[in-house]
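Numbering of the sequence shown is given in UniProt numbering, commencing with residue 1 and proceeding in unit increments.
Glycine included, every Cβ here is placed at the ideal spot set by N, Cα and C.
It should be emphasised that the depicted structure is a prediction, and the values quoted were computed from it without experimental measurement.
In what follows, a single structure is set out as structure tokens and then discussed.
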Amino acid sequence: MESDNDANDTSPNQGPDQNVSGAQTETQGVQLMSLMMKYFKTAGFLLSVWTLGYFRFSSSWILLALFFYIGNEEFRKGKDAKRSFSRDAASRTEQRAILARVDELPAWVYFPDVERAEWLNKMLRQMWPFIGEYFRDMLMTSVLPSVEASLPKMLLPFKFNETDLGDIPPRIGGMKVYIENVKRNEIYMDMELFYASDCNIKMTVRGVQMGIKDLMLHGTMRVVMKPLVNKLPIIGGYTVFFLNQPEIDFDLTGVSNILDFPGLSKTLRTVIQDQIAQYMVLPNRMCFPMLDEVSAALLLHPMPQVGGKGVIRVNIVAGRDLKYADVKLLGGRGKSDPYCKLLVGAQKFKTKVIQNSVAPHWDDLLQAVVDQKLGQYIEIEVMDEDPGEDDALGNTSIDIEEIAKQGSIDSWFPLDNVNTGLIHVKARWFHLSKNPDDLERTLYLCVTQSLSETVEEHLANALLFVTVDSATALKRLKKMVEPSAYALVSVGNKEQKTATKPKTTNPTWEEHLQFLIHNPTVQDLEVNVVDSGKGSMKLGSVTVHLKDLLRAKDMTVNRPFQLRGADPQSKIQMQLCLRILTSFKPENWSQDTVFPQQPPAAPKEEEEDDEEEEEIKGGAGTTPPTKPKHKAGSRDPSSERSSPPASDKKKDNDVGTESTGQQHDRSRSSTATPERPAGQELRQRTVGKQGQVSESEPDLGRIQVTVRYSAQRSRLVAVVHKCVGLLACDSDDMSDPYVRLYLLPDRSSSTKKKTQIVRNNLSPVFDETFEWPVSAAEATTRTIEIGVKNAVGVFSKSRTHIGQVYIDLSSLDLSKATTEW
Numbered sequence: 001m002e003s004d005n006d007a008n009d010t011s012p013n014q015g016p017d018q019n020v021s022g023a024q025t026e027t028q029g030v031q032l033m034s035l036m037m038k039y040f041k042t043a044g045f046l047l048s049v050w051t052l053g054y055f056r057f058s059s060s061w062i063l064l065a066l067f068f069y070i071g072n073e074e075f076r077k078g079k080d081a082k083r084s085f086s087r088d089a090a091s092r093t094e095q096r097a098i099l100a101r102v103d104e105l106p107a108w109v110y111f112p113d114v115e116r117a118e119w120l121n122k123m124l125r126q127m128w129p130f131i132g133e134y135f136r137d138m139l140m141t142s143v144l145p146s147v148e149a150s151l152p153k154m155l156l157p158f159k160f161n162e163t164d165l166g167d168i169p170p171r172i173g174g175m176k177v178y179i180e181n182v183k184r185n186e187i188y189m190d191m192e193l194f195y196a197s198d199c200n201i202k203m204t205v206r207g208v209q210m211g212i213k214d215l216m217l218h219g220t221m222r223v224v225m226k227p228l229v230n231k232l233p234i235i236g237g238y239t240v241f242f243l244n245q246p247e248i249d250f251d252l253t254g255v256s257n258i259l260d261f262p263g264l265s266k267t268l269r270t271v272i273q274d275q276i277a278q279y280m281v282l283p284n285r286m287c288f289p290m291l292d293e294v295s296a297a298l299l300l301h302p303m304p305q306v307g308g309k310g311v312i313r314v315n316i317v318a319g320r321d322l323k324y325a326d327v328k329l330l331g332g333r334g335k336s337d338p339y340c341k342l343l344v345g346a347q348k349f350k351t352k353v354i355q356n357s358v359a360p361h362w363d364d365l366l367q368a369v370v371d372q373k374l375g376q377y378i379e380i381e382v383m384d385e386d387p388g389e390d391d392a393l394g395n396t397s398i399d400i401e402e403i404a405k406q407g408s409i410d411s412w413f414p415l416d417n418v419n420t421g422l423i424h425v426k427a428r429w430f431h432l433s434k435n436p437d438d439l440e441r442t443l444y445l446c447v448t449q450s451l452s453e454t455v456e457e458h459l460a461n462a463l464l465f466v467t468v469d470s471a472t473a474l475k476r477l478k479k480m481v482e483p484s485a486y487a488l489v490s491v492g493n494k495e496q497k498t499a500t501k502p503k504t505t506n507p508t509w510e511e512h513l514q515f516l517i518h519n520p521t522v523q524d525l526e527v528n529v530v531d532s533g534k535g536s537m538k539l540g541s542v543t544v545h546l547k548d549l550l551r552a553k554d555m556t557v558n559r560p561f562q563l564r565g566a567d568p569q570s571k572i573q574m575q576l577c578l579r580i581l582t583s584f585k586p587e588n589w590s591q592d593t594v595f596p597q598q599p600p601a602a603p604k605e606e607e608e609d610d611e612e613e614e615e616i617k618g619g620a621g622t623t624p625p626t627k628p629k630h631k632a633g634s635r636d637p638s639s640e641r642s643s644p645p646a647s648d649k650k651k652d653n654d655v656g657t658e659s660t661g662q663q664h665d666r667s668r669s670s671t672a673t674p675e676r677p678a679g680q681e682l683r684q685r686t687v688g689k690q691g692q693v694s695e696s697e698p699d700l701g702r703i704q705v706t707v708r709y710s711a712q713r714s715r716l717v718a719v720v721h722k723c724v725g726l727l728a729c730d731s732d733d734m735s736d737p738y739v740r741l742y743l744l745p746d747r748s749s750s751t752k753k754k755t756q757i758v759r760n761n762l763s764p765v766f767d768e769t770f771e772w773p774v775s776a777a778e779a780t781t782r783t784i785e786i787g788v789k790n791a792v793g794v795f796s797k798s799r800t801h802i803g804q805v806y807i808d809l810s811s812l813d814l815s816k817a818t819t820e821w
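Listed below in structure tokens is the structure:
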């Protein structure tokens with residue numbers, strides 16, 4: 001039997017010894033090859049150094065080349081590490097990738113309403129070869145003509161040589177289906193999309209070979225299925241779009257690899273991101289009708305729905321403790337020239353540049369249309385302006401849904417990806433109303449609350465939706481040549497234009513435009529149809545008085561308009577929809593009359609069994625308001641970002657508009673006792689001058705704090721809003737309070753946080769945000785110690801400790817923002 005096994009294991013013509021010797025020969029060949037490669041590399045390097053010395057080149061050239069080489073290597077190492085992890089997460093080795101990077105767990109780990117979609121990933125893996133073939137055909141039939149039409153003549157001819165999407169399909173990290181706050185005939189579904197491909201797309205531009213490989217993409221994609229009908233296939237159409245700008249990265253090949261250096265490649269990536277935003281980032285969409293009776297235009301440009309669409313007004317006020325980005329030539333630290341870039345979907349904004357400052361004051365007012373408040377963010381990036389490439393000073397994100405819930409925010413936000421820096425942001429949400437009677441009140445508030453006439457002119461009070469559908473019977477400037485027409489639409493000095501439809505007298509655009517309107521009673525809509533040929537000759541125009549829309553049903557008009565200066569048969573089909581910006585404003589909303597400036601009277605005390613603590617209770621007649629009645633709902637896969645805290649302190653000149661009804665609710669409840677969920681009471685331990693715990697001290701005041709966990713950034717977030725009725729510690733019956741925080745049990749400088757000192761105030765407002773980099777599992781085992789202290793001089797005998805509060809994080813749902821007194 002042993003001989004038979006040996007015979008089976010060894011071929012008839014080769015013995016075991018021959019196998020071993022063959023393997024050794026192969027190994028020796030590999031080693032010899034590696035030695036030869038090492039020899040030639042070393043010889044080439046030494047020859048290069050000898051050549052530089054022989055031709056008397058300066059040593060500075062070597063240092064300069066070494067600097068660029070090291071910089072490029074570090075840049076590539078960072079990209080390779082990020083790509084390696086993304087490929088692990090996108091492949092079957094998910095467990096290994098998760099264990100290697102616990103801080104980047106998928107969304108379904110943290111949110112119970114976000115489901116794993118392994119069944120969908122298996123389907124994508126099976127369909128991926130066929131999707132690659134479809135993509136190849138789409139590039140040749142649809143994308144190639146579009147690229148050739150948009151490129152300048154100096155870059156033509158252009159063609160795709162090879163389109164290989166690779167073997168790694170996209171991966172769905174988590175999926176969430178919304179069943180609340182949606183209509184009965186529609187379904188909303190969010191998917192966290194990871195795409196770390198091994199694709200290779202080669203192209204030729206004017207005879208020059210170049211290409212793109214290793215494409216990476218990460219973002220939250222929303223799929224809207226509507227309308228639901230009572231016949232197959234049940235779903236009338238699909239609409240697909242990204243809620244926010246997706247993260248994109250790739251490598252260049254061929255001649256274009258020269259641009260693959262941090263400074264120049266960033267510009268190219270920005271251009272590509274802008275092109276993607278024009279197709280698939282809100283307010284832009286891709287639609288797929290499933291039934292003939294479902295209009296593609298209706299899917300692409302849905303009418304505004306109650307509670308969904310709105311306008312966000314953002315006031316970038318100031319910055320504080322920004323990073324020193326510039327370096328002085330004679331040594332020492334220079335300052336920065338900061339400005340802010342904002343992204344709301346595909347909309348981009350930029351503030352003015354403040355020269356030579358790390359504490360800039362911008363006070364810039366920006367307004368953006370929000371198509372889907374659920375899942376969208378205000379992305380803010382602080383930059384330092386330089387003659388070459390601008391440096392990043394940090395960034396932050398604000399959840400628009402939270403702003404809409406609270407009505408407005410006014411807070412300082414810490415900047416991410418830097419060690420220092422805060423930015424002061426005010427923002428307010430506006431609903432869309434189809435009641436023309438709301439316009440008069442909105443205009444009145446705009447005038448009374450504006451800081452100047454210049455600010456007033458830039459504040460929007462209405463939103464106009466213009467759908468340019470088509471034109472018919474356009475005139476020919478030459479009898480034998482049909483026009484290539486586009487529509488130029490303008491309101492005041494704001495101008496937008498449609499795509500050009502080549503060589504037709506009946507162009508169909510089906511494009512949706514939006515305009516923020518200051519006063520629709522005096523402004524007009526101008527539409528000019530223009531031939532894109534030589535001279536850009538006008539083919540006709542139409543003027544619509546916006547005040548006429550106020551008298552129309554639902555402030556909406558959908559009909560053909562006769563073109564002036566054209567043939568009698570020439571008309572343009574448009575749909576116009578006007579909406580008033582409004583938020584319900586109670587009387588005297590801006591006056592913060594709830595909180596007294598004097599400390600409240602001492603309340604009755606309640607003793608705890610065997611505990612030296614006293615429960616915080618309200619003093620008679622000076623009880624603080626109830627906590628905000630908003631509840632941060634569960635997030636979509638990529639929506640766990642820095643949520644803005646609630647701020648009760650509102651000002652007349654906040655962002656130049658009316659407040660929300662929430663302030664009215666708070667003012668009406670100012671005499672009520674604060675609501676406290678069971679198990680989440682904040683208790684206070686008072687500390688005497690000598691350190692002993694005192695049970696007989698009077699009420700020391702209250703503090704309002706918001707606590708939550710940001711899963712996407714793996715940070716525990718605490719927002720210190722304000723204190724009320726603090727104990728007077730100084731001889732002038734005032735205090736200089738500040739708040740100190742520790743993340744127990746680690747009482748060290750790494751977990752210590754401290755607010756600014758507010759001088760001579762017993763009800764200070766801080767509105768400062770602090771973060772600790774801890775995992776979600778570890779956060780539930782921690783306790784936050786919050787101490788309110790009085791700042792005193794070195795030789796002062798005034799009291800320094802006002803009180804302490806301990807927050808047990810295991811009793812809180814950290815996936816939601818919890819605000820308590």
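Please state the DSSP three-state secondary structure of K722.
Position 722 of the sequence shown, counted from the first residue, corresponds to residue 722. Strand.
Does the stretch 761 to 773 come close enough to the stretch 795 to 809 to have 3 or more Cβ pairs within less than 8 angstroms?
no
Return the chain-ordered ranges of every alpha helix (DSSP H) run that is complete within the UniProt domain "C2" (699 to 821) and spans a minimum of 4 residues.
776 to 779
Under a Cβ-count criterion, where at least 16 other Cβ atoms within 10 Å of its own Cβ denotes burial, should V370 be classed as buried or exposed?
In the sequence shown, counting from the first residue as 1, residue 370 sits at position 370. V370 is buried by the Cβ-count criterion.
Could you check the C-alpha separation between A718 and K41 for me, to the nearest Å?
Along the sequence shown, read from residue 1 onward, the residue named residue 718 stands at position 718. Along the sequence shown, read from residue 1 onward, the residue named residue 41 stands at position 41. Cα-Cα distance, rounded: 55 angstroms.
List the residues that DSSP assigns as beta-bridge partners of R559.
Translated into the one-based positions of the sequence shown, residue 559 becomes position 559. Paired residues: M574.
Could you tell me which residues DSSP puts in a beta bridge with F241?
Within the sequence shown, numbered from 1, the residue matching residue 241 stands at position 241. F241 pairs with R222.
Residue interval of the beta strand (DSSP E) (run including Q347):
Position 347 of the sequence shown holds residue 347. Unbroken beta strand (DSSP E) run through Q347: Q347 to K350.
Let's see if you can read the secondary structure: which residues bound the alpha helix (DSSP H) around Y134?
Working through the sequence shown from its first residue, we reach residue 134 at position 134. From DSSP, the alpha helix (DSSP H) with Y134 extends over E118 to M138.
Complete runs of the alpha helix (DSSP H) confined to the UniProt domain "C2" (445 to 561) [at least 4 residues]
453 to 458 and 547 to 550
Between which two residues does the alpha helix (DSSP H) carrying I403 extend?
Position 403 of the sequence shown holds residue 403. From DSSP, the alpha helix (DSSP H) with I403 extends over I400 to Q406.
Whether R740 touches C723 by CB criterion (8 angstroms)
For this step, residue 740 is matched to residue 740 along the sequence shown. For this step, residue 723 is matched to residue 723 along the sequence shown. No; because the gap between Cβ atoms is not below 8 angstroms, this pair is not in contact.
Inter-stretch contact at 8 angstroms, needing at least 3 Cβ pairs: the stretch 219 to 239 / the stretch 289 to 296:
yes
For I784, is the classification buried or exposed, using 16 other Cβ atoms within 10 angstroms of its Cβ as the cut-off for buried?
As a first step, residue 784 must be located in the sequence shown, where it is residue number 784. Its Cβ being crowded by 16 or more others within 10 Å, I784 is buried.
In DSSP terms, what Y279 is bridged to:
Numbered from its first residue, the sequence shown carries residue 279 at position 279. DSSP lists no partner for Y279.
Label R782 either buried or exposed according to how many other C-beta atoms from any shown protein chain fall within 10 Å of its C-beta, with 16 as the threshold for buried.
For this step, residue 782 is matched to residue 782 along the sequence shown. Only buried fits R782, as 16 or more other CB atoms lie within 10 angstroms of its CB.
Contacts around N506, its chain only, beta-carbon distance under 8 angstroms, and the 5 residues preceding and following it disregarded
Within the sequence shown, the letter at position 506 stands for residue 506. Sequence-distant Cβ neighbours of N506 in its own chain, meaning closer than 8 angstroms and more than five residues away, are S470, A471, T472, A473 and L474.
One or two residues paired with E162 in a DSSP bridge:
Mapped onto the sequence shown, residue 162 falls at position 162. For E162, which the question treats as bridged, DSSP gives the partners K202.
Which of the three DSSP states is assigned to S142 in this structure?
Your numbering for residue 142 matches position 142 in the sequence shown. Of the three classes helix, strand and coil, the one that applies to S142 here is helix, per DSSP.
Take A297 and list the residues in its own chain whose beta-carbon comes closer than 6 angstroms to its own, dropping the five residues that flank it on each side.
If you number the sequence shown from 1, residue 297 lands on position 297. Excluding sequence neighbours, A297 sits near E510.
Tell me the residue span of the alpha helix (DSSP H) that contains A427.
Indexing the sequence shown from 1 puts residue 427 at position 427. Taken as a continuous stretch (DSSP letters only), A427 belongs to no alpha helix (DSSP H), being part of the beta strand (DSSP E) at L422 to S433.
Nearest to L343 (by Cα), restricted to the options V281, D384 and S357
The residue given as residue 343 occupies position 343 in the sequence shown. It is V281.
Inter-residue Cα distance where the pair is residue 824 and A779:
Look at the range of the chain in this structure, 1 to 821, and you will see that residue 824 is not part of it.
Just curious, the alpha helix (DSSP H) that A296 is in, first and last residue?
To locate residue 296, count along the sequence shown from 1; it is residue 296. A296 to L300 is the span of the alpha helix (DSSP H), which, as asked, contains A296.
Please state whether DSSP places R76 in a helix, a strand or coil.
In the sequence shown, counting from the first residue as 1, residue 76 sits at position 76. In the structure shown, R76 sits in a helix (DSSP, three-state: H, G or I).
Opening and closing residue of the beta strand (DSSP E) in which P289 lies:
Position 289 of the sequence shown, counting from 1, holds the residue named residue 289. Note, P289: beta strand (DSSP E), M286 to P289.
Span separating the alpha-carbon of Q347 from that of N315
As a working mapping, residue 347 is identified with position 347 in the sequence shown. As a working mapping, residue 315 is identified with position 315 in the sequence shown. Each residue's Cα considered, the two are about 16 angstroms apart.
Look at the Cβ atom of V707, then the Cβ atom of V720, and state whether they are nearer than 8 angstroms.
To locate residue 707, count along the sequence shown from 1; it is residue 707. To locate residue 720, count along the sequence shown from 1; it is residue 720. Not in contact: V707 and V720 (Cβ atoms no closer than 8 angstroms).
For D767, the nearest candidate out of S749, L576, V223 and V425 (CA to CA)
Here residue 767 is taken as the residue at index 767 of the sequence shown, counted from 1. Residue V425 is the option with its Cα nearest to D767.
Considering only residues of the same chain and omitting the five flanking positions on each side of H361, which have a CB-CB separation below 6 angstroms?
On the sequence shown, position 361 is the one that residue 361 refers to. Here the set comprises A318.
Using CA coordinates, which residue listed in T220, T508 and K202 is at the minimum distance from I572?
As a working note, residue 572 is residue 572 in the sequence shown. Among T220, T508 and K202, the Cα nearest to that of I572 is on T508.
Here's a check: name, in chain order, each residue in its chain whose Cβ is nearer than 6 angstroms to the Cβ of G787, leaving out the five neighbours to either side.
For this step, residue 787 is matched to residue 787 along the sequence shown. Within the same chain, G787 has close Cβ partners R740 and Q804.
Beta carbon of P414, beta carbon of E771: below 8 angstroms?
Within the sequence shown, numbered from 1, the residue matching residue 414 stands at position 414. Within the sequence shown, numbered from 1, the residue matching residue 771 stands at position 771. Against a cut-off of 8 angstroms, the Cβ pair of E771 and P414 comes out as a contact.
Would you kindly work out how many angstroms separate the C-alpha atoms of L563 and D554, rounded to a whole number?
Within the sequence shown, the letter at position 563 stands for residue 563. Within the sequence shown, the letter at position 554 stands for residue 554. If you draw a straight line from the Cα of L563 to the Cα of D554, it comes to about 25 angstroms.
Contacts around T498, its chain only, beta-carbon distance under 6 angstroms, and the 5 residues preceding and following it disregarded:
Within the sequence shown, residue 498 is the residue found at index 498, counting from 1. Counting only Cβ-Cβ distances below 6 angstroms, and skipping sequence neighbours, we find V468, Y486, A487, W509 and E511.
Sequence-distant residues of its chain with Cβ nearer than 7 angstroms to T751 (five each side left out)
By 1-based counting over the sequence shown, the position of residue 751 is 751. Here the set comprises Y742, L743 and W772.
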